[in-house]
Amino acid sequence: MRINVLQHTPNEGPGMIADWAHAHGHTMYVYHPYQFGVLPTADETEMLVILGGPMSPNDDLPWIKQERRLIQQLLDRNVPLFGACYGAQQIVKTLGYPVTKAPAKEVGWAPVYRQSTVIPGIPASLSVLHWHEEMFAVPDEATLLFSSDRVANQGFVFNHRVVGLQFHLEPAADNVREMVVNDGRYIAGSALKQTTAEILQTPVPSQNQQVLNTILDYITTE
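UniProt numbering numbers the first residue of the sequence shown as 1 and each following residue consecutively.
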């Protein structure tokens, strides 16, 4: 399977999604539309991963709108989609629902709580990395998948083929370090009140890779 990845900032890459892809023998192509203005076509996309970034789906940028046109084409074709943070917001915006400021800016490690058992094998709670201050509305046709203590809409599943998460399951330890050393200033004002040292000292839970794998298996399996 050809997995096309849309990456939106140098320090937020596919992380452990690449591990899953390689373990299944899939081929992964990473695009940087914010820099090069290049996107895959729908015809060459068997799965699309839309990663996080510092921009908002509400920004009036041509490449952001072009991404949504691609997402719509893939939704129409029932192609598997996985969105993380900004990526999840892009999917929701494509479906016609709003992206707004969250009740609290969340940057750091904090739990999320499972709200549905539609995807089997997900534990009742997870400790995950948050890096956001906006949130999506959950589309009427979707199922709320996760909530946190401060932001109710933390994840959704749509039509068995689409999952969007407001938080990050994909970073391994190296990826967390990359995010913190390059974007540590973003932590200011976070309701989680964690320092960069505290974020770096928190081990990435091993179950995050397991849950990520479970979600990716779910959207790519009949």
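Cβ coordinates follow ideal geometry from the N, Cα and C atoms, glycine included.
Given a cut-off of 8 Å, decide if residue j and residue i are closer than it, judged by their beta-carbon atoms.
i: residue 102; j: residue 141; result: no
i: residue 51; j: residue 6; result: yes
i: residue 144; j: residue 138; result: yes
i: residue 191; j: residue 136; result: no
i: residue 48; j: residue 92; result: no
i: residue 74; j: residue 42; result: yes
i: residue 109; j: residue 215; result: no
Rounding to the nearest angstrom, what Cα-Cα distance links residue i and residue j in this structure?
i: residue 217; j: residue 21; result: 10 Å
i: residue 97; j: residue 68; result: 13 Å
i: residue 130; j: residue 27; result: 28 Å
i: residue 159; j: residue 111; result: 26 Å
i: residue 121; j: residue 155; result: 16 Å
i: residue 194; j: residue 222; result: 41 Å
i: residue 204; j: residue 172; result: 6 Å
i: residue 23; j: residue 71; result: 25 Å
i: residue 106; j: residue 149; result: 10 Å
i: residue 124; j: residue 36; result: 40 Å
i: residue 9; j: residue 62; result: 17 Å
i: residue 189; j: residue 104; result: 9 Å
i: residue 100; j: residue 55; result: 13 Å
i: residue 59; j: residue 174; result: 30 Å
i: residue 118; j: residue 210; result: 16 Å
i: residue 177; j: residue 25; result: 27 Å
i: residue 2; j: residue 19; result: 14 Å
Buried or exposed for residue i, going by 16 or more other Cβ atoms inside 10 Å?
i: residue 4; result: buried
i: residue 57; result: buried
i: residue 227; result: Outside the shown range of the chain (1 to 222) lies residue 227, about which nothing can therefore be said.
i: residue 116; result: exposed
i: residue 164; result: buried
i: residue 225; result: Past the edges of the chain, shown from 1 to 222, lies residue 225, and the structure says nothing about it.
i: residue 114; result: buried
i: residue 29; result: exposed
i: residue 157; result: buried
Go through its chain and collect everything with a Cβ distance to residue i's Cβ below 7 Å, but skip five positions before and after it.
i: residue 196; result: 180, 184 and 187
i: residue 170; result: 14, 15, 16, 17, 84 and 212
i: residue 208; result: 126, 128 and 169
i: residue 12; result: 51, 52, 53 and 179
i: residue 39; result: 31, 33, 66, 67 and 70
Closer than 7 Å: is that where the CB of residue i sits relative to any heavy atom of the ligand ADP?
i: residue 64; result: You won't find the ligand ADP in this model; it holds no ligand whatsoever.
Near residue i, which residues of its chain fall below 6 Å by C-beta distance, leaving aside the five closest residues on each side in sequence?
i: residue 161; result: 78, 80 and 219
i: residue 95; result: 139
i: residue 206; result: none
i: residue 202; result: 109
Suppose the cutoff is 8 Å on Cβ atoms and the five residues either side in sequence are ignored; what does the same chain contact list for residue i look like?
i: residue 153; result: 135, 136, 137, 138, 144, 147 and 166
i: residue 90; result: 50, 57, 64, 67, 68, 71 and 83
i: residue 182; result: 10 and 11
Completely contained beta strand (DSSP E) runs for the UniProt domain "Glutamine amidotransferase" (43-171), where each covers 3 or more residues: 47-50, 81-84, 99-114, 125-136, 143-148, 155-158 and 162-165
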